[in-house]
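S.K.: Could you have a look at this structure, given as structure tokens, before my questions?
In full-length UniProt numbering, the protein residues as written are 1 to 81.
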């Protein structure tokens with residue numbers, strides 16, 4: 001799951017011309033400092049939904065906004081079961 005998310009993360013960065021690319025990314029990477037803005041995150045979630053047929057943010061009873069890459073991955077892992 002982490003590899004898929006990282007791949008789509010970089011694809012979203014490319015689509016938004018953020019000028020960044022991650023070969024590796026740590027769990028504590030702050031999302032707001034990753035190069036993606038709100039449009040970039042919307043693109044990322046759409047790319048992941050297309051790839052995984054899953055949008056965990058629509059499945060949540062209460063919205064959760066991850067602040068780190070690790071938290072973002074954990075949300076997808078939790079809802080992919």
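We treat Cβ as the ideally placed atom computed from N, Cα and C, and that holds for glycine.
Between residue 92 and residue 20, what straight-line distance do the alpha-carbon atoms span, to the nearest angstrom?
M.R.: Nothing about residue 92 can be reported from this structure: the residues present for the chain run from 1 to 81 only.
S.K.: State the start and end residues of the unbroken alpha helix (DSSP H) segment that holds residue 29.
M.R.: That residue, residue 29, is in no alpha helix (DSSP H); it is neither H nor E in DSSP.
S.K.: Would you kindly report the start and end of the unbroken alpha helix (DSSP H) that includes residue 56?
M.R.: Residues 56 to 59.
S.K.: Just checking my contact of residue 76 with residue 5 at CB under 8 Å: how many whole Å lie between their CB atoms?
M.R.: Correct: roughly 6 Å between the Cβ atoms.
S.K.: Taking residue 16 and residue 36 to be in contact with their CB atoms under 8 Å, please state how far apart those CB atoms are, rounded to whole angstroms.
M.R.: The pair is a contact, with the Cβ atoms about 7 Å apart (cut-off 8 Å).
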